[in-house]
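Numbering (this note's numbering), first residue to last: 1 to 291. Ideal Cβ positions, reconstructed from N, Cα and C, are used throughout, including at glycine.
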Amino acid sequence: MKPLLPPQLLALSPGGLTLGEGYVARVADLLQRVRAARRAGLRGVLLREAQLPDGPYAELAASLKAILEEGWLGLHDRPHLVEPVGAQAVHLGFRSLSARQARECVGPDVAIGVSTHSSDGPESWEGADYLFHGPVFPPLSKTGNLPAVGVVGLRAFVERARLPVWGLGGITPEQAASVLQAGARGVACLGGLLSPADPSAACARFGEVLARRLPLVSCLSCAVPRCSWPLRAGSTCSCVLTVGNCRLTRNRPCCVSTRAITWSWTVTLAGWACRTPFSSQVRMVACTWPR
């Protein structure tokens with residue numbers, strides 16, 4: 001089974017839960033906020049409570065999984081709890097195991113994510129399935145220790161990462177579109193999603209922005225490509241695909257606003273290379289849902 005990557009909009013838990021006075025009330029507040037956001041369309045949560053022992057952490061993870069139902073749950077730095085909890089992913093920070101070490105623990109079917117910053121190189125995420133990168137903007141929920149990379153820095157990282165990237169840090173609904181335009185697969189949020197007084201309204205605002213920026217993907221496969229024969233370096237092929245803005249509903253794309261465009265390829269000695277101006281869409285067409 002292919003590892004399930006995070007949804008386009010991902011909520012992060014606050015990260016400051018500790019046992020002691022007020023713990024039960026703080027957990028209840030977090031769960032209430034996730035329920036409110038879930039009603040507005042939230043499909044994924046990353047639980048990143050480093051100060052909780054395994055027992056309370058697993059109990060909280062189980063509660064979140066029950067709220068999310070068929071949604072996505074990731075555990076931060078707890079690969080050994082992924083199987084007991086039934087989580088879809090483990091996410092690693094700079095103090096964590098390497099992705100390859102985590103893979104030995106969770107197996108091939110669990111998604112592994114790694115948090116990255118501007119100074120990180122490919123060796124820091126080798127073996128991962130997806131990445132966080134940031135902070136894109138100054139964090140909303142805390143004083144940042146790292147300088148914001150901005151949209152330009154995020155775009156540069158996406159181009160060299162060769163893995164799906166989620167923008168992280170200070171992202172509001174108004175800024176989400178620019179993060180996707182930089183090539184990110186999605187946005188990971190704390191202060192802008194679960195912290196506001198009305199998480200349901202915040203999630204709905206994010207959803208409206210992300211729905212307008214969903215990528216074009218192929219809704220129909222190419223029929224019979226028209227190629228110049230015999231095929232050799234320099235030969236050209238083309239076909240017409242019906243594409244449109246697609247919404248992901250229960251892991252199935254439903255296309256709206258469809259239109260037909262022509263894709264053109266040229267044969268090279270190394271294989272196929274696309275010559276269409278819609279280069280950002282070619283990558284989407286070549287991949288499978290969910291994106």
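Residue i, buried or exposed, once every other Cβ within 10 Å from all chains shown has been counted against 16
i	result
residue 10	buried
residue 308	Nothing can be reported for residue 308, as the shown portion of the chain is limited to 1 through 291.
residue 243	Residue placement at residue 243 cannot be trusted, given a pLDDT of 42 that sits under 50; what the coordinates show is reported in the next sentence. When all chains shown are included, residue 243 counts as buried.
residue 12	buried
residue 101	exposed
residue 247	Here the model assigns residue 247 a pLDDT of 42, short of 50, so the residue's position is not dependable and the matter cannot be decided.
residue 220	Residue placement at residue 220 cannot be trusted, given a pLDDT of 35 that sits under 50; what the coordinates show is reported in the next sentence. Exposed, by the Cβ-count rule.
residue 129	buried
residue 111	buried
Where the alpha helix (DSSP H) through residue i begins and ends
i	result
residue 24	23-39
residue 210	199-212
residue 99	99-106
Nearest neighbour of residue i, chosen from the options [CA to CA]
i	options	result
residue 131	41, 212, 159	159
residue 62	81, 7, 4, 100	81
residue 183	170, 164, 92	164
residue 188	3, 104, 153, 48	48
residue 116	94, 127, 104	94
residue 8	28, 46, 19, 33	46
residue 119	109, 134, 110	134
residue 85	154, 74, 92	74
residue 205	40, 138, 58	40
residue 69	147, 34, 146, 90	34
residue 92	104, 139, 114	114
residue 196	171, 106, 65, 24	171
residue 201	36, 4, 126	36
residue 59	71, 98, 24	24
residue 207	126, 43, 30, 21	43
N- and C-terminal bounds of the beta strand (DSSP E) containing residue i
i	result
residue 111	111-116
residue 44	44-47
residue 50	Taken as a continuous stretch (DSSP letters only), residue 50 belongs to no beta strand (DSSP E), as it is neither H nor E.
Residues that residue i bridges to, as DSSP identifies them
i	result
residue 72	44
*3-residue-minimum beta strand (DSSP E) runs that sit fully inside the region 127-182, ordered along the chain*: Runs of beta strand (DSSP E) with 3 or more residues, each lying fully within the region 127-182, are found at 130-133, 165-168, listed in chain order.
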